[in-house]
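Residue numbers (the working numbering), protein chains in the order written: chain X, 693 to 873; chain A, 693 to 873.
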């Protein structure tokens, strides 16, 4: 089994080392983790911007094609929800009928994060409703994960947030993916 | 042609009236717009939360199956990027190989919004990098739209933000979808 290791982890300062740790955890659980790092595109920095991002887009899509499942880091990133690029990838796996596994290092509910956001930016989007449903994120994300992977989004088991780069909840999620083979 | 009218428009206080205006614009351009409103699920409010969100999830997926293209409102919503549920849907269309059209009422670049977010929440995710590439949002979104719909994300033509519920840029985008048939 090959698992696409989606997430904003690629934006960490130590993304390469962090990806190596994720790949090791997958190997220990008996499957191959594929992190969508950009280090393998050596010429990226020298390219014009449009060519650079299109190269990353094509590379990531090709890696997704090769993988059997996605394990998505759905920890909130720069807003109330998961990283936007990761969500495109989760949707792609849903569209392809491939299993989606997802986890978050945040123990807060989606509704609680939306309420915090509204307090922080009171003028923004006033009057819009929140469909919380007690879920960890937007219902389309929760549905993609629960319906295809067979488990809800994996959260910190003790209800306490983990550090953004903690891999404890990732490992719980990776174990579910390994067991589902 | 049937177009799935994705977007956080469903969270507007006047979502039903707003959807009606979008559907009218599509009809004028010669195609059918399908808004994923929840008003048709009359029993929703009486259901347990889990049953309610799963009903919406299944209903939206079924509507997506019926549609030929997606026209996605990618205006930033509760964070630096587009609405998270909308992104799942955009990824689904990408995975299915159906054309993705997208627009945003924000004229700001993704990088500029990330910088604003970092100023607003300086402790959050310090040190993470931004892959801006001069794009309107994360490159996976830009790629999904440009690669399948054949046009970049449609933005306000004069470089000025529009109100969140303005339909001017939607109409420009819907026109591109109509012409691409």
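Note that the Cβ used here is the ideal one computed from N, Cα and C, for glycine as well. Here the structure is a predicted model, which means the values were calculated and not measured.
Rounding to the nearest angstrom, what Cα-Cα distance links residue 785/A and residue 774/X in this structure? 19 angstroms
Are the CB atoms of residue 765/A and residue 795/A nearer to each other than 9 angstroms? yes
Let's see if you can read the secondary structure: which residues bound the alpha helix (DSSP H) around residue 694/A? It is not in any alpha helix (DSSP H) - residue 694/A instead sits in the beta strand (DSSP E) that spans 694–698.
At least three beta-carbon pairs within less than 8 angstroms, the stretch 728–748 of chain A to the stretch 818–836 of chain A: no
Is the CB-CB distance between residue 756/X and residue 747/X below 9 angstroms? no
Sort out for me which residues DSSP pairs residue 724/X with in a bridge. 694/X
Residue 845/A, DSSP secondary structure in three states: coil
May I ask you to report which of helix, strand or coil DSSP gives residue 862/A? helix
Give me the chain A residues within the contact set of residue 833/X, using Cβ-Cβ distance strictly less than 8 angstroms, ordered along the chain. 776, 777 and 780
List the residues of chain A that residue 788/X touches, going by C-beta distances under 7 angstroms, in chain order. 787
Chain X beta carbons: is any one of them nearer than 9 angstroms to that of residue 773/A? yes
Own chain partners of residue 827/A with C-beta closer than 6 angstroms, once the 5 adjacent residues on each side are dropped: 802 and 834
With DSSP as the reference, identify every bridge partner of residue 768/X, one or two as the case may be. 774/X
Three-state secondary structure assigned by DSSP to residue 874/A: Nothing can be reported for residue 874/A, as the shown portion of chain A is limited to 693 through 873.
Please classify residue 787/X as buried or exposed, where buried requires at least 16 neighbouring CB atoms within 10 angstroms. buried
Residue 852/X at chain A interface by Cβ criterion, 9 angstroms: no
Residue ranges of each alpha helix (DSSP H) run of no fewer than 4 residues wholly in the stretch 752–840 of chain A, ordered along the chain? 776–788 and 802–812
Which of the three DSSP states is assigned to residue 750/X in this structure? helix
Excluding the five sequence neighbours on either side, which residues of its own chain have a C-beta within less than 6 angstroms of the C-beta of residue 806/X, listed in chain order? 772 and 822
Could you tell me whether the Cβ atoms of residue 763/A and residue 696/A are closer together than 9 angstroms? yes
Determine whether the beta carbon atoms of residue 860/A and residue 848/A lie at a separation below 9 angstroms. yes
What does the Cβ neighbour count give for residue 797/X, buried or exposed, with the cut at 16 atoms within 10 Å? buried
Given residue 743/A as reference, the closest of 776/X, 858/X, 838/X and 783/X once Cα atoms are compared: 838/X
Measuring only between beta-carbons, confirm whether residue 878/X sits less than 9 angstroms from chain A. What the structure shows of chain X is the stretch from 693 to 873, and residue 878/X is not part of that stretch, so it cannot be assessed.
Name, please, each residue of chain X whose Cβ falls closer than 8 angstroms to the Cβ of residue 829/A. 776
Establish whether the CB of residue 845/X and some CB of chain A are separated by less than 9 angstroms. no
By Cβ distance, which residues of its chain are closer than 8 angstroms to residue 701/A, with the 5 residues on each side in sequence left out? 707, 710, 711, 714, 727, 765 and 857
Report buried or exposed for residue 812/X, applying the criterion of at least 16 other Cβ atoms within 10 angstroms of its Cβ. exposed
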